[in-house]
Amino acid sequence: MSTKQTSLESFLRKKKRLSEETEMSSTSKKRVTFNRQYRESYLKYGFVGPGDSHKPKPLCIVCGDQFSNEAMKPSKLLRHLNAKHPGVF
1 MSTKQTSLES FLRKKKRLSE ETEMSSTSKK RVTFNRQYRE SYLKYGFVGP
51 GDSHKPKPLC IVCGDQFSNE AMKPSKLLRH LNAKHPGVF
């Protein structure tokens, strides 16, 4: 009975083939980082871009909250302005 059990276990185990390993390594993607740059038009949303010019972080001039570089999109800045400071601008 142990030989059947051993053969069943070996049947259920999935072994990687050499061709599968090379396919996985060749298709792996490198993540490209994208840094948004501050624009003067963001001031109308109540944000300034102090700090590093290569990776600025938006700073709310009303409450002083600082956001990540990924949040430097006009839609996200406007959402913060409308949610946290309605009627300020």
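Position 10 of the sequence shown, counting from 1, maps to 10 under full-length UniProt numbering, and the rest follow consecutively.
By construction, the Cβ of each residue, glycine as well, lies at the ideal position given by its N, Cα and C atoms.
Neighbour-count burial assignment, residue i, 16 or more Cβ in a 10 Å radius
i                : result
proline 50       : exposed
phenylalanine 47 : buried
histidine 54     : exposed
leucine 43       : exposed
residue 123      : Lying outside 1 to 89, the shown extent of the chain, residue 123 is not represented and no answer is given.
Spatial distance of residue i from residue j (CA atoms)
i                : j                : result
phenylalanine 89 : phenylalanine 34 : 30 Å
isoleucine 61    : arginine 36      : 19 Å
histidine 85     : arginine 31      : 35 Å
arginine 13      : aspartate 52     : 52 Å
glutamate 40     : glutamine 66     : 17 Å
histidine 80     : phenylalanine 11 : 56 Å
cysteine 63      : lysine 29        : 39 Å
Nearest-angstrom beta carbon gap, residue j and residue i [assumed within contact, 8 Å]
i          : j           : result
proline 56 : tyrosine 45 : 14 Å between Cβ atoms; not a contact.
leucine 78 : proline 58  : About 12 Å separates the two Cβ atoms, so there is no contact after all.
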